[in-house]
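J.: So the protein sequences, as listed, match chains D and Y. The first sequence begins at 1 in the UniProt record's numbering and counts up one residue at a time. The second sequence begins at 1 in the UniProt record's numbering and counts up one residue at a time. We put the CB at the ideal spot given by N, CA and C, even for glycine.
2 protein chains.
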Amino acid sequence: MSLVVIGTVAFDAIETPFGKTDKIVGGAATYASLAASYLYSQTKIVGVVGNDFLPQYIKEIENHGINVEGLQVKEGQKSFFWAGKYHNDMNSRDTLVTELNVLADFDPIIPDSYQDCEYLMLGNLTPQIQKTVIQRLRKRPKLIVMDTMNFWMDVAMDDLLETIKLVDVLTINDAEARQLSGEYSLVKAANKILGMGPKYLIIKKGEHGALLFHGDQIFSAPALPLAEVFDPTGAGDTFAGGFIGYLASVGTINFSNMKNAIVFGSALASFCVEKFGTERIKNLQKDEITARVKEFVSLSSFTI
Amino acid sequence: MSLVVIGTVAFDAIETPFGKTDKIVGGAATYASLAASYLYSQTKIVGVVGNDFLPQYIKEIENHGINVEGLQVKEGQKSFFWAGKYHNDMNSRDTLVTELNVLADFDPIIPDSYQDCEYLMLGNLTPQIQKTVIQRLRKRPKLIVMDTMNFWMDVAMDDLLETIKLVDVLTINDAEARQLSGEYSLVKAANKILGMGPKYLIIKKGEHGALLFHGDQIFSAPALPLAEVFDPTGAGDTFAGGFIGYLASVGTINFSNMKNAIVFGSALASFCVEKFGTERIKNLQKDEITARVKEFVSLSSFTI
């Protein structure tokens, strides 16, 4: 039994009002697997990098108990690279550089040792590749969570809808939910999207928290109000990794556990934004996570 | 012992994507006192109207057990009138007409029978008039709640700061909190604003709920996700009225009761937007309110 995370493993160069970085380790699968590793010990990664992704970077991932057998290293090629600059409000950003490199012809390999996958996290990536991973698992996982973004709605809507059909949980942000459904009201948007296949929909609203939709049930999770957001890169991936990591750790899929999973995902994401890149999320203590989750409880609890 | 609500009592003409109205009864004090009246029986209103505000309109307010002795009717003059048009997203609107009329030289009268005021709701109005009402109460109320808006920050910041100094609770929206403090982070904004005098700050975030700040404590209240917002006019005033009405009904001011008060205010506001103007908020049943509050509990509760 394991949790398999697929997504980009990459380099990012980030500029925020607080400073800028050179190429640092990033990628959806990196953030998501690191986050999941704090909650569930059998986490395995699928991805591709070039040999500019030094062994020490892979070692840092492995040191979290993450299985990297499914991480292909392409000799003589370069890793996916993204450079971006955040605006002052930290809610919007400009993409400065996107170099696909090894990602251009990524053909995901699922090692035999990954075929015990019960929990599958499809990190943000071409919907066609996300679908391929589902097809290459001999047994359908107990839970498939899919993250995606507006870019795929613009350039690959048909593929996206095909993949969405196959998953249990879809996580997107509010603007993406509106784009995908053509509805402004998030309640109407959620109803339409739940009709596309997923049994659960999570709408991420950044500093406003997240909404979980399932049938007629809705859960509204708060976000921790932060004095400073240092770097938002990877927060959504970290949320997704924490979310599925929590579910894998409890082993039962129901609305109540989904709610807690959102709180754990939000707590991990709140750490992610405190420093550049993966700096904070790769150096967490379990008691810090427990304390942060307690902050979420106290933040939103009331007794009427 | 009573709850005194001061603010505009007025006519509105509203246009939304769902339709438009002729002149209908509106005004901050109208919405706030109607909302409060469902939770607290000793609600009293201070305001001014022209004699175009027909006796039947006043009667409708009185029928909710609201004392209208402090509502001045100016013969031969016209009531305050506002016309506005909401955009498709319902989050922004254009003001089409603002006629101050009787409001231009409003001098609030506090009847002797209002001097037992323990809870004072300063609805959105000139900060100078809000201050005058505080000064005209012989005994300082146990709790003063002040609502205001960006307009007064633009044209009367000094007066506004003078009045803010005197109140216990300030309610503004997120854009206004940023404008008033000059801080983008709502946590930093709240710290600055709490330094201006109020012990409690409520930041209203519309469809994203509300935040309550008090010292180092923060409470995040959800908003009910709605399939349709028919008319947002008066939602903030209704929230404020429900908030202070709840506190008056329980009689004890502490953080825990403030949290519940926000939930009651949010529940009442969620009714307000279901129909044009005061149509929904003036025709509520107590068991509808109880059921709506229960929806808020189920929306945001989780057990970790």
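Which residue's Cα is closest to the Cα of D:ALA124: D:GLU118, D:ASN88, D:MET90 and D:THR171?
T.: Going by the sequence as given, residue 124 of chain D is Asn instead of Ala. Here the closest residue by C-alpha is D:THR171.
J.: Could one say the Cβ of Y:SER41 lies closer than 9 Å to chain D's Cβ atoms, at least one of them?
T.: False, the Cβ-Cβ gap to chain D never drops below 9 Å.
J.: Can you pull out the residues from the segment 163-188 of chain Y whose beta carbon lies closer than 7 Å to at least one beta carbon of chain D?
T.: Answer in chain order: TYR184, SER185, LEU186, VAL187 and LYS188.
J.: Are the C-beta atoms of Y:ASP89 and some chain D residue less than 9 Å apart?
T.: Yes - at least one Cβ of chain D is within 9 Å of the one on Y:ASP89.
J.: Give me the subset of the segment 250-279 of chain Y whose CB atoms are less than 9 Å from a CB atom of chain D, sorted by chain position.
T.: Residues SER256, LYS259, ASN260, ILE262, VAL263 and PHE264.
J.: Taking the alpha helix (DSSP H) that D:TYR31 belongs to, which residues open and close that run?
T.: Note, D:TYR31: alpha helix (DSSP H), 28-37.
J.: In the segment 96-136 of chain D, which residue ranges form an unbroken alpha helix (DSSP H) of at least 4 residues, counting only runs that do not cross its ends?
T.: With a minimum length of 4 residues, the continuous alpha helix (DSSP H) runs that stay inside the segment 96-136 of chain D are 127-136.
J.: Do D:PHE230 and D:ALA35 have their C-beta atoms closer together than 9 Å?
T.: No, the Cβ-Cβ distance between D:PHE230 and D:ALA35 is not below 9 Å.
J.: Please report the residue range of the beta strand (DSSP E) in which Y:THR8 lies.
T.: Run containing Y:THR8: none; DSSP gives neither H nor E here.
J.: Does the beta carbon of D:HIS208 come closer than 9 Å to any beta carbon on chain Y?
T.: So yes, D:HIS208 belongs to the interface.
J.: For a test of the three-state rule: what should DSSP assign to Y:VAL229, helix, strand or coil?
T.: Residue state, collapsed to three classes: coil.
J.: Does the segment 34-49 of chain D come close enough to the segment 81-95 of chain D to have 3 or more Cβ pairs within less than 8 Å?
T.: The segment 34-49 of chain D is not in contact with the segment 81-95 of chain D.
J.: What residue from D:GLU279, D:VAL293, D:ILE109 and D:ILE304 has the CA that sits closest to Y:THR290's CA?
T.: If we check each option's Cα against that of Y:THR290, D:ILE304 comes out closest.
J.: Is D:GLU75 near the ligand NAD, judged by its Cβ being under 8 Å from some heavy atom?
T.: Of ligands this structure carries none, so the ligand NAD is not represented either.
J.: Where do the ends of the beta strand (DSSP E) carrying D:ALA210 lie?
T.: That run of the beta strand (DSSP E) goes 210-214.
J.: Looking at chain D, which residues of the segment 105-133 of chain Y have a Cβ within less than 9 Å of any of its Cβ atoms?
T.: Answer in chain order: no residues at all.
J.: Which bits of chain Y does D:ALA227 rub up against, with CB to CB less than 7 Å?
T.: The contacting residues are SER185, VAL187 and LYS188.
J.: Closer than 8 Å by beta-carbon distance: list the chain D residues that pair up with Y:LYS85, in chain order.
T.: Correct list: empty, because the minimum Cβ distance to chain D is about 17 Å.
J.: Name the residue from D:SER33, D:ASN101, D:GLU75 and D:ASP154 whose alpha carbon lies nearest to the alpha carbon of D:ILE61.
T.: Taking only the C-alpha atoms, the option nearest D:ILE61 is D:SER33.
J.: Mind checking if Y:THR16 is an interface residue toward chain D, Cβ cutoff 9 Å exclusive?
T.: Not one chain D Cβ lies under 9 Å of Y:THR16.
J.: Considering Cα atoms alone, identify which of Y:TYR114, Y:ALA177, Y:PRO198 and Y:HIS208 is closest to D:LEU186.
T.: The residue with the shortest Cα to Cα distance from D:LEU186 is Y:HIS208.
J.: Along the chain, where does the beta strand (DSSP E) containing D:ASN173 start, and where does it finish?
T.: Taken as a continuous stretch (DSSP letters only), the beta strand (DSSP E) holding D:ASN173 covers 169-173.
J.: Does D:GLU176 pass the burial test, meaning 16 or more other C-beta atoms within 10 Å, or should it be called exposed?
T.: D:GLU176 should be labelled buried.
J.: Mind pulling the chain D residues with CB within less than 8 Å of Y:LYS205?
T.: The answer, in chain order, is HIS208.
J.: Can you tell me whether D:ALA104 is buried or exposed? The criterion is at least 16 other CB atoms within 10 Å of its CB, across all chains shown.
T.: D:ALA104 should be labelled exposed.
J.: Given that a residue counts as buried once 16 or more other Cβ atoms are within 10 Å of its Cβ, and exposed if not, what is D:HIS214?
T.: D:HIS214 comes out buried.
J.: Evaluate contact between the segment 149-160 of chain D and the segment 266-281 of chain D, counting only Cβ atoms and requiring at least three cross-stretch pairs below 8 Å.
T.: Taking 8 Å as the limit for Cβ pairs, the verdict is that the segment 266-281 of chain D does not touch the segment 149-160 of chain D.
J.: Classify Y:ASP89 as buried or exposed, calling it buried when 16 or more other Cβ atoms lie within 10 Å of its own Cβ.
T.: Y:ASP89 comes out exposed.
J.: Which two residues bound the contiguous alpha helix (DSSP H) that contains Y:TYR246?
T.: Note, Y:TYR246: alpha helix (DSSP H), 235-250.
J.: Please give the ranges of any beta strand (DSSP E) in the segment 141-196 of chain D, keeping only runs that are unbroken, at least 3 residues long and fully inside the region.
T.: Correct list: 143-147 and 169-173.
J.: What three-state label does DSSP hand D:GLU279 in the structure shown?
T.: Three-state DSSP puts D:GLU279 in coil, outside helix and strand.
J.: Y:VAL5 and Y:GLY50: beta carbons closer than 9 Å?
T.: Going by C-beta atoms, Y:VAL5 is not nearer than 9 Å to Y:GLY50.
J.: Hey, is the segment 78-89 of chain D in contact with the segment 110-117 of chain D, meaning 3+ C-beta pairs nearer than 8 Å?
T.: No: the two stretches stay apart, fewer than three of their Cβ pairs being nearer than 8 Å.
J.: Please go through the same chain and pick out, in chain order, the residues whose beta-carbon is closer than 6 Å to the beta-carbon of Y:GLY277, but skip the five residues on each side of it.
T.: The residues are ILE24 and GLY26.
J.: With DSSP as the reference, label Y:LEU299 as helix, strand or coil.
T.: The answer is helix: DSSP assigns Y:LEU299 an H, G or I state.
J.: Between D:PRO222 and chain Y, is the shortest Cβ-Cβ distance under 9 Å, so that the two count as touching?
T.: True, the Cβ-Cβ gap to chain Y drops below 9 Å.
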